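Working notes, beginning with the structure itself.
There are 2 protein chains.
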Amino acid sequence: MKNIEKICINTLRFLSIDMVEKAKSGHPGAPMGMAPVAYTLWQKHLRYDSSNPGWPDRDRFVLSAGHASALLYALLHVYGYNMPVEELKKFRQLGSKTPGHPERDVESGIETTTGPLGQGFANAVGMALAEKWLAGHYNQPGHEIINHYTWVLASDGDMMEGVSSEAASLAGALALGKLICIYDDNEISIEGSTDKTFTEDVGARFSAYGWRVIGPVDGNDIEQIDTALNTAKQEKDRPVIIICKTCIGYGSPNKCGKASAHGEPLGADEAELTRNNLNWGYPPFVVPGEAASHFKKSTDRGKQAYSAWCKKYEQYKAVFPEEADQFDLALEGRLPGGWDQGMGSLLEGITKPVATREVSGVVLNEIAKNIRNLAGGSADLAPSTKTILTEKGHFGPQDYAGNNIHFGVREHSMGAVANGISLHGGIIPYTATFLIFYDYMRPPVRLAAMMGLGVVFLFTHDSIGLGEDGPTHQPVEQIMGLRLVPGLVTLRPADAAETVGAWKIAMNRRHSPTAIVLTRQKLPLIERSGQFDIDLVARGAYIVREWGLKPEIIIIATGSEVQLAISAGINLKEKGVNARVVSMPSWELFDEQEKSYRQMILPPEVKARISVEAGRTTGWQRYIGEDGLAIGVDRFGVSAPWQMAYGYLGLTVERIVDEALRLFGR
Amino acid sequence: MKNIEKICINTLRFLSIDMVEKAKSGHPGAPMGMAPVAYTLWQKHLRYDSSNPGWPDRDRFVLSAGHASALLYALLHVYGYNMPVEELKKFRQLGSKTPGHPERDVESGIETTTGPLGQGFANAVGMALAEKWLAGHYNQPGHEIINHYTWVLASDGDMMEGVSSEAASLAGALALGKLICIYDDNEISIEGSTDKTFTEDVGARFSAYGWRVIGPVDGNDIEQIDTALNTAKQEKDRPVIIICKTCIGYGSPNKCGKASAHGEPLGADEAELTRNNLNWGYPPFVVPGEAASHFKKSTDRGKQAYSAWCKKYEQYKAVFPEEADQFDLALEGRLPGGWDQGMGSLLEGITKPVATREVSGVVLNEIAKNIRNLAGGSADLAPSTKTILTEKGHFGPQDYAGNNIHFGVREHSMGAVANGISLHGGIIPYTATFLIFYDYMRPPVRLAAMMGLGVVFLFTHDSIGLGEDGPTHQPVEQIMGLRLVPGLVTLRPADAAETVGAWKIAMNRRHSPTAIVLTRQKLPLIERSGQFDIDLVARGAYIVREWGLKPEIIIIATGSEVQLAISAGINLKEKGVNARVVSMPSWELFDEQEKSYRQMILPPEVKARISVEAGRTTGWQRYIGEDGLAIGVDRFGVSAPWQMAYGYLGLTVERIVDEALRLFGR
């Protein structure tokens with residue numbers, strides 16, 4: 277290793293150490309161990325331009341081991357991103373650009389939010405998938421405007437998580453070449469040596485998935501690393517994993533190779549010993565001048581690459597102006613004008629009871645006619661979730677331009693891969709599974725909300741209305757669970773019309789995720805009191821039916837229970853009680869409305885209120901007040917035909933009527 | 277194959293077909309394909325006694341592919357379990373013993389609830405682990421009272437789920453011999469051929485985990501199957517997977533090998549064609565007499581095995597009476613008398629602020645002194661979750677009597693393996709991770725609640741109080757999420773005393789799970805107005821401090837926020853307002869109290885109420901009413917030292933005081 281390289285690597289190490297020491301909190305061990313590999317990648321291979329961080333054809337770099345954030349911030353600092361030393365000094369402090377785990381900030385070079393292990397790895401699979409899809413769609417012979425690598429740095433913890441196993445298997449099946457994982461095999465996890473519980477042969481496992489396996493290489497030998505990276509880049513038909521043997525806390529005389537180097541500062545004494553050990557005479561947070569000049573070579577290489585691409589793109593634009601327009605539109609995350617023109621008329625054809633999942637399938641296909649870059653699929657349930665794009669191909673080695681993605685029975689990675697697709701840009705991803713399996717994919721839904729990704733999460737078979745499959749498959753706590761995720765909008769449409777509205781909302785939400793919750797069972801068409809505009813759904817709640825001039829009782833319902841509420845209202849009218857039925861497809865959207873609208877729908881003076889929803893009642897007190905009654909399912913469901921399940925669990929028109937009369941004091 | 281074997285296999289096939297046809301709903305394909313392997317296993321290998329389904333040393337049989345429930349019910353029917361033909365005829369109907377997916381019912385031979393894919397596989401790993409632990413503890417030279425196999429039948433879907441990957445890796449590391457997985461490799465999933473998305477080499481993958489791989493064998497050749505099962509049983513040092521090539525919907529002329537055989541009835545015509553094709557002249561639901569006699573050979577074999585074991589156990593009892601007593605106690609799931617004697621005095625030593633996770637660690641170790649069969653661990657966070665049993669060994673090939681289990685960074689399988697341990701019987705399992713990672717393990721927590729398993733789920737680092745690790749690691753919606761799971765009791769203790777109480781409750785809940793939610797940060801000792809008895813925690817909520825004779829305002833808080841509420845109360849007193857501070861460690865337990873107690877704690881006439889909890893406020897309206905105010909965290913957190921995070925997000929004494937005064941109209 278040349279001396280300048282040593283200095284550069286130690287610059288990364290000591291910036292990381294200094295950040296953690298100053299914060300008195302953080303993870304120094306992984307940055308110290310991974311600095312040589314990170315240096316080699318960024319200095320010689322990674323295609324980026326720190327002056328143009330949003331460059332669509334940049335290589336994507338994902339630090340799946342998000343706890344090594346200090347290393348990422350150090351890299352961004354030395355390679356010219358908007359990451360000044362002041363921010364490094366505010367590591368893990370309130371309001372800094374350097375939080376404990378990386379938080380997506382493309383302008384500063386942070387491609388994705390990582391920390392929950394395995395998520396970044398699966399995000400990278402999604403990015404590599406997006407790259408292939410965009411190349412499949414927009415590249416033209418002699419005009420390769422998309423052709424980049426996706427790099428992911430992963431730890432032992434990433435490798436142990438099931439979500440990465442799922443994503444790796446998917447990446448192998450899809451033959452995602454140009455996806456390169458560098459596995460930091462330091463043999464240490466928090467409870468000590470990985471011998472205790474992680475004795476598997478990771479290379480053999482990835483080989484079984486269809487990956488090419490390189491190494492083990494010595495993670496301190498940058499020539500070995502460089503060779504491995506070059507070899508990996510040659511492999512275009514398979515994803516590649518490079519196994520890198522490193523030492524956690526490298527350089528620390530007393531902590532190298534120990535779990536104690538992982539999650540706490542070295543401490544002033546050990547930091548000093550490490551400085552002595554690695555001959556590092558600089559004060560904290562200093563990038564030596566010679567190192568800065570050397571880093572600049574990489575930054576300059578990046579600028580040239582970007583210029584070359586711009587030239588290439590200009591040529592493309594000249595020859596394929598329409599394609600270029602579409603490419604720009606897609607990458608900017610905008611929708612083409614008039615994309616929703618056909619949606620209103622979809623309802624005209626619907627004259628019989630229909631499940632909202634069915635309607636959703638029709639809408640999805642309609643949208644896909646106008647929006648070329650809508651792509652997604654289900655976790656092996658497409659015939660049930662109705663999510664096949666019938667006019668489109670199937671994504672895979674035979675057709676990288678296909679819009680139908682077969683995620684396999686892998687809900688967790690489906691969510692994380694969809695996040696990666698969205699993070700890459702250029703594609704609007706949707707996913708689908710039964711609502712109960714939201715439980716298998718909670719972490720990526722949360723991260724989509726945290727990152728502000730416009731993913732559309734479809735969840736069908738949304739209640740005990742699933743019927744015979746029984747309690748293991750009947751969601752009860754999941755609808756409310758979705759509502760608890762900050763930033764997520766959850767929509768539970770009551771019929772075909774609301775389903776169209778829900779999709780329209782979801783498509784327009786390009787910077788935050790939307791969950792659409794759909795029925796398995798058929799729902800009758802709702803007869804409404806007033807004029808219906810599908811944009812009423814965007815209000816979150818509206819009066820779907822009412823009797824009399826002033827409501828005496830308000831019944832708030834969602835989804836399949838709106839029809840029960842309406843029947844109850846009719847019945848109550850016969851008994852001389854004027855009810856108002858409010859359909860509330862989305863709590864979040866209703867809460868966003870101005871007070872006057874909210875009070876118009878739910879007048880404070882009407883205290884007699886009932887909520888009806890086939891899920892946990894916890895939370896409904898917010899809309900029905902202290903005197904209200906929440907009808908729902910506060911237990912696990914039952915295996916039975918769905919009508920029987922509804923009857924047995926008390927979700928019936930009779931029950932609503934009885935409770936309403938009781939509430940009303942009759 | 278002998279004719280009688282063909283008849284027996286077809287009996288299983290047609291019972292399954294008949295169930296699905298009668299129910300007009302269900303999954304015929306897998307039972308038809310797997311009937312030969314199921315027959316061979318049950319007829320010749322499985323050690324069970326259907327007259328004594330609870331036999332501790334029985335082989336465990338797990339149908340991980342729970343959608344093939346009809347096959348399981350058919351097996352239980354023909355092999356003498358309490359599963360009469362009337363129940364088969366009520367397949368998937370309300371109140372039957374034959375729900376859509378198997379629901380744990382040991383008396384009827386159903387070892388675990390399956391359906392959500394991968395869970396059964398991981399349960400089986402837990403059962404095999406429990407077997408090893410019990411053998412390690414109770415077997416004596418010449419007296420092997422525990423020595424059985426754990427069998428699991430798994431599908432392609434099971435193999436794709438990350439939870440099974442995690443569990444398989446763990447089983448390999450722990451060298452769980454006598455765990456045998458039969459993998460139904462039928463190459464079909466719901467979206468069609470597994471080629472689309474599941475091209476990995478499953479055998480090579482399991483080999484990489486350290487499993488022995490047998491096959492592929494022809495799933496229709498019972499001699500090949502028999503040989504494979506015999507070979508698998510010889511392997512005592514590694515888990516074994518037998519890859520079985522089968523045809524989904526075997527016997528159906530038009531559906532064999534097709535996805536359409538998976539999840540819907542064959543239909544009357546195709547069922548008839550299948551009858552003709554397989555020469556099956558019997559009417560629906562008939563077990564031919566000759567088949568019944570043949571099945572009885574297996575049942576008789578089982579009875580003899582049970583008798584032999586009883587004799588063996590009597591001898592053991594005679595020689596090791598104390599061990600036998602402990603074994604009985606453990607298997608019956610009872611706690612030894614006086615197990616909690618030392619718990620009260622634990623508090624005496626605590627005089628300084630302490631994190632509840634620290635206290636929990638002390639309590640756990642105290643309990644482990646008296647309860648030998650308390651075993652568990654964390655998902656690679658033990659130093660942080662404080663869950664090491666310091667006086668006990670580490671479970672693994674070197675010490676199968678160790679009580680500390682290293683689950684690795686595998687939260688999802690940790691939960692499912694713990695469920696398996698509990699299902700096996702003989703061990704009280706606990707798990708631990710950060711509360712945010714509850715999101716990685718929602719499905720097993722739900723299933724523990726559904727099955728009524730006394731697992732103790734510990735979740736530390738329970739709020740934004742986690743501090744610098746930031747929003748990816750700060751739970752916000754998880755506490756309320758736990759409360760939404762029917763049958764789960766969630767406890768969030770406010771200090772050392774409540775932590776002791778929480779553990780006592782959890783240990784006593786042997787037939788339902790408990791989640792204990794603990795702080796990372798230190799909490800001051802609470803000064804209480806009245807006498808404190810740790811059993812007050814069991815009331816769910818109690819008055820922890822109050823001023824004046826009649827409360828003018830009630831502040832309800834949980835966990836780390838109770839101290840804030842108390843400080844606010846002191847402050848309010850100075851301002852002339854009498855507050856009552858209610859600590860509410862558990863919603864569920866409070867809701868269970870008689871009305872008089874609930875109204876004593878929260879008198880209906882006191883409308884001025886505030887809740888304080890560092891999590892989503894949704895749901896708190898239930899206790900604070902329409903006029904109340906919920907203080908919480910309705911957004912994602914921030915990376916900062918925890919005190920800063922609390923301040924920034926408005927969880928402060930000042931805020932509570934201000935809001936209280938506003939509410940009170942001052």
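Residue numbers (the numbering used here), protein chains in the order written: chain A, 277 to 942; chain B, 277 to 942.
Glycine included, C-beta positions come from ideal geometry on N, C-alpha and C.
What you are looking at is a predicted structure, and each value in this text was computed from that prediction instead of being measured.
- With at least 16 other beta carbons inside 10 angstroms of its own, A:T766 counts as buried.
- Within 9 Å of the CB of A:E864, no CB atom of chain B is found; the nearest one sits about 11 Å away.
- Looking at the DSSP output, A:W427 shares a beta bridge with A:F337 and A:I456.
- In the three-state scheme derived from DSSP, where H, G and I count as helix and E and B as strand, B:S445 is classed as helix.
- By the Cβ rule, the region 426-440 of chain A does not count as touching the region 369-386 of chain A, because fewer than three pairs are nearer than 8 Å.
- For the region 916-930 of chain A, the residues whose beta carbon sits under 7 Å from a beta carbon of chain B are, in order, A916, M920 and Y924.
- CA-CA distance, A:A341 to B:Q591, rounds to 55 Å.
- By the beta-carbon neighbour count (other beta carbons within 10 angstroms, threshold 16), A:I280 is exposed.
- The continuous alpha helix (DSSP H) containing B:G845 extends over residues E837 to E850.
- The beta carbons of B:V752 and B:V909 sit about 5 Å from each other, so the pair counts as a contact at 8 Å.
- If you compare the alpha carbons of B:V354, B:Y714, B:L801 and B:G533 with that of B:K521, the shortest gap goes to B:G533.
- Closest in C-alpha terms to A:A306, from the list A:L317, A:I293, A:K300 and A:H419, comes A:I293.
- A:N496 is positioned such that its CB atom lies closer than 8 Å to that of A:P312.
- Rounded to whole angstroms, the separation of the alpha carbons of B:I842 and B:S441 is 47 Å.
- Using a CB distance cut-off of 8 Å, A:G614 does not count as an interface residue toward chain B.
- Looking at the backbone, the Cα of A:A692 and that of A:I664 are separated by about 20 Å.
- For A:G746, the closest of A:Y899, A:A535, A:L542 and A:G913 by C-alpha to C-alpha distance is A:G913.
- Contact fails between the region 531-548 of chain B and the region 472-482 of chain B, because fewer than three Cβ pairs, one in each stretch, are under 8 Å apart.
- When 8 Å is used as the limit between beta carbons, A:M726 is near these residues of chain B: P747, T748 and F912, in chain order.
- Among the bridge pairs identified by DSSP, B:T475 is matched with none.
- Taking the CA atoms as reference points, A:I877 sits about 9 Å from A:I830.
- For A:R892, the chain B residues whose Cβ falls inside 7 Å of its Cβ are L760, in order along the chain.
- Counting C-beta pairs with one atom in each stretch, the region 445-465 of chain A and the region 636-654 of chain B have fewer than three that are closer than 8 Å, which means they do not touch.
- With at least 16 other beta carbons inside 10 angstroms of its own, A:T316 counts as buried.
- Here A:N415 carries a coil assignment [DSSP, helix/strand/coil].
- The C-beta separation of B:T287 from B:P564 comes to about 7 Å, placing the pair in contact by the 8 Å criterion.
- Its chain contains F397, A398, V401, S689, A692 and V693 as the residues whose beta carbon lies nearer than 7 Å to that of A:A443, once the 5 sequence neighbours on both sides are disregarded; these appear in chain order.
- The Cβ atoms of B:Y459 and B:I519 lie closer than 8 Å to each other.
- For A:F710, the secondary structure class from DSSP, reduced to helix, strand or coil, is strand.
- For B:A844, the closest alpha carbon among the candidates B:A855, B:G618 and B:S836 is that of B:A855.
- With its beta carbon at least 8 Å from every one in chain A, B:L352 lies outside the interface.
- Residue-level contact check: A:S465 touches chain B, since one or more beta carbons of chain B fall below 8 Å from its beta carbon.
- Excluding residues up to 5 positions away in sequence, N649 and G702 lie with their Cβ nearer than 6 Å to the Cβ of B:A606 in the same chain.
- The C-beta of B:R722 comes closer than 8 Å to at least one C-beta of chain A.
- B:T507 carries a helical assignment under DSSP once its states are collapsed to helix, strand and coil.
- In chain order, A484 make up the part of chain A whose C-beta sits under 7 Å from the C-beta of B:D477.
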